[in-house]
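Novice: Let me give you the structure first, and then I'll get to my questions.
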Amino acid sequence: MSWTEYAVMNRIALVTLNRPEKRNALNHIVVKELTELLTKAVEDQNVKVIILQANGPVFCAGADLEYLQQLQTNTYEENLEDSRQLAQLFELIYTMPKVVIARIQGHAIAGGCGLATVCDFSFSVPEAKFGYTEVKIGFIPAIVSYFLANKIGDGKARELLLSGNLIPASQAREYGLINFVTEPDVLDSEIMGLAEQLCQQNSAQSMAWTKKLLADIRQKTLADAMVYAAEANAHARASEDCQKGIAAFLDKKDLTW
1 MSWTEYAVMN
11 RIALVTLNRP
21 EKRNALNHIV
31 VKELTELLTK
41 AVEDQNVKVI
51 ILQANGPVFC
61 AGADLEYLQQ
71 LQTNTYEENL
81 EDSRQLAQLF
91 ELIYTMPKVV
101 IARIQGHAIA
111 GGCGLATVCD
121 FSFSVPEAKF
131 GYTEVKIGFI
141 PAIVSYFLAN
151 KIGDGKAREL
161 LLSGNLIPAS
171 QAREYGLINF
181 VTEPDVLDSE
191 IMGLAEQLCQ
201 QNSAQSMAWT
211 KKLLADIRQK
221 TLADAMVYAA
231 EANAHARASE
241 DCQKGIAAFL
251 DKKDLTW
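Anchor point for the sequence shown: position 76 equals 76 in UniProt numbering, and the numbering is continuous, going up by one each time.
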């Protein structure tokens, strides 16, 4: 039995957590399945944008109880391999060449909040709560810490990671953790509207290169970053997409990608 689903419509891939009876909790199988489906979406030539979503009232409640019990009996090597799988999933979403939009219809907690953190765009209903509760069970939010600090800054990241407190969607939006707070009855239309806009109005190559730029440039000194950025600009200008886009702009023609 699979705990995830994959579908494509109008160049938009729907990658769905389908474990509602367990609040879409994560374990090594779910992490593996998500990684495989997201990799499939990257390789799928019919896909330009990905929506990460979940069935049921909760987006993702973090690790499930059986999984946590199993971790207590694992060796260090087993726990290291397991941790690397989650790190691989987060890094994949963060660096993959296609845009990922999170559809958060309910609470996103611990690892579930980590999934929301690494997506490019995130829409949440007002009722959803967000938080990294690892410190409350003697654990640490290790893998998400890098992405969260980059996204919302060290101060806010420390507040959330060290307190373990849950915050409402409105506060998550204020902190920059998520992008939009949307009423449930228009959640899907708002998400699909953005996904379709990205598909029709933006170059897939440009979005992929921009994601790579954002992932790479933060690790460089100012001088190295400017060298990297100038080289990226030069490569982009020589690309077929850029030449096509500039020609359409100068000719005042609408361009559908």
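Quick reminder that beta carbons are idealized off the backbone N, C-alpha and C, glycines included.
If you reduce the DSSP assignment to three classes, tell me which class P168 lands in.
Specialist: Within the sequence shown, residue 168 is the residue found at index 168, counting from 1. In this structure, P168 counts as strand in the three-state DSSP scheme.
Novice: Hey, is E183's beta-carbon within less than 8 Å of any beta-carbon in chain D?
Specialist: Protein chains in the displayed structure number just one, and chain D is not present.
Novice: Touch check for the stretch 124–135 and the stretch 101–110: three-plus C-beta pairs under 8 Å?
Specialist: Touching, yes.
Novice: Quick check on the DSSP output: the alpha helix (DSSP H) that includes A110 runs from which residue to which?
Specialist: Working through the sequence shown from its first residue, we reach residue 110 at position 110. Note, A110: premise wrong, no alpha helix (DSSP H); not H, not E.
Novice: Give me the Cα-Cα distance between R237 and V227, rounded to the nearest whole angstrom.
Specialist: As a position in the sequence shown, residue 237 is number 237, starting the count at 1. As a position in the sequence shown, residue 227 is number 227, starting the count at 1. Approximately 16 Å, taken between the alpha carbons.
Novice: From P20 to N55, what distance separates their C-alpha atoms?
Specialist: Along the sequence shown, read from residue 1 onward, the residue named residue 20 stands at position 20. Along the sequence shown, read from residue 1 onward, the residue named residue 55 stands at position 55. Spanning the two alpha carbons is a distance of roughly 6 Å.
Novice: Who are G131's beta bridge partners in DSSP?
Specialist: Position 131 of the sequence shown, counted from the start, is the residue given in the question as residue 131. Answer is I109, bridged to G131.
Novice: Could you tell me the distance, in whole angstroms, from the CA atom of F180 to the CA atom of Q171?
Specialist: As a working mapping, residue 180 is identified with position 180 in the sequence shown. As a working mapping, residue 171 is identified with position 171 in the sequence shown. Roughly 11 Å between the two C-alpha positions.
Novice: When the Cα atoms are used, what is the spatial distance from I167 to W3?
Specialist: Mapped onto the sequence shown, residue 167 falls at position 167. Mapped onto the sequence shown, residue 3 falls at position 3. Going from the Cα of I167 to the Cα of W3 covers about 27 Å.
Novice: Quick one: Cα of V30 to Cα of L14, how far?
Specialist: Residue 30 sits at position 30 when you count from the first residue of the sequence shown. Residue 14 sits at position 14 when you count from the first residue of the sequence shown. So the alpha carbons of these two residues sit roughly 16 Å apart.
Novice: By a C-beta neighbour count over all protein chains shown, 10 Å radius and 16 as the cutoff for buried, is R84 buried or exposed?
Specialist: One-based indexing of the sequence shown puts residue 84 at position 84. That one is exposed.
Novice: Which of the three DSSP states is assigned to L177 in this structure?
Specialist: Walking along the sequence shown from the start, residue 177 turns up at place 177. Coil at L177, not helix or strand.
Novice: Name the two residues that bound the continuous beta strand (DSSP E) containing S122.
Specialist: Position 122 of the sequence shown, counted from the start, is the residue given in the question as residue 122. 121–124 is the span of the beta strand (DSSP E), which, as asked, contains S122.
Novice: Applying the criterion that 16 or more other CB atoms from any shown protein chain within 10 Å of the CB defines a buried residue, is T16 buried or exposed?
Specialist: On the sequence shown, residue 16 is found 16 positions in, with the first residue counted as 1. Classification of T16: buried, given that the 10 Å Cβ count is 16 or more.
Novice: Counting C-beta neighbours from all protein chains within 10 Å, is the total for Q72 16 or more, i.e. buried, or is it exposed?
Specialist: What you label residue 72 is simply residue 72 of the sequence shown in a count that begins at 1. Classification of Q72: exposed, given that the 10 Å Cβ count is below 16.
Novice: Please confirm if the stretch 188–207 is in contact with the stretch 33–53, defined as three or more CB-CB distances below 8 Å between the two stretches.
Specialist: The stretch 188–207 is in contact with the stretch 33–53.
Novice: Going straight from the alpha carbon of Y146 to that of K252, what length do you get?
Specialist: Along the sequence shown, read from residue 1 onward, the residue named residue 146 stands at position 146. Along the sequence shown, read from residue 1 onward, the residue named residue 252 stands at position 252. Each residue's alpha carbon lies about 43 Å from the other.
Novice: Would you say A25 and D64 are within 8 Å of each other, going by their C-beta atoms?
Specialist: Your numbering for residue 25 matches position 25 in the sequence shown. Your numbering for residue 64 matches position 64 in the sequence shown. In this structure, D64 lies closer than 8 Å to A25 by Cβ.
Novice: Compare the Cα-Cα distances from N46 to each of I152, I12, A87 and report the closest residue.
Specialist: Position 46 of the sequence shown, counting from 1, holds the residue named residue 46. Closest by alpha carbon: I12.
Novice: Over the uninterrupted beta strand (DSSP E) stretch that includes V31, give me the two end residues.
Specialist: Looking up residue 31 in the sequence shown gives position 31. It is not in any beta strand (DSSP E) - V31 instead sits in the alpha helix (DSSP H) that spans 28–43.
Novice: Taking 7 Å as the cut-off, is the beta-carbon of L198 closer than that to any non-hydrogen atom of the ligand NAD?
Specialist: With respect to small molecules bound, the structure shown includes none, and the ligand NAD cannot be examined in it.
Novice: Report the rounded CA-to-CA distance for A41 versus A87, giving the unit in angstroms.
Specialist: Indexing the sequence shown from 1 puts residue 41 at position 41. Indexing the sequence shown from 1 puts residue 87 at position 87. For A41 and A87, the distance between alpha carbons rounds to 19 Å.
Novice: One question on the structure: do F90 and I143 come within less than 8 Å of each other, judged by their Cβ atoms?
Specialist: Locating residue 90 in the sequence shown gives position 90, counting from the first residue. Locating residue 143 in the sequence shown gives position 143, counting from the first residue. Yes, Cβ-Cβ distance for F90 and I143 is below 8 Å.
Novice: Are there 16 or more other CB atoms within 10 angstroms of the CB of A247, so buried, or fewer, so exposed?
Specialist: As a working mapping, residue 247 is identified with position 247 in the sequence shown. That one is exposed.
Novice: Going by DSSP, what residue range makes up the beta strand (DSSP E) through R103?
Specialist: Here the question's residue 103 lines up with position 103 in the sequence shown. Per DSSP, R103 belongs to the beta strand (DSSP E) from 99–104.
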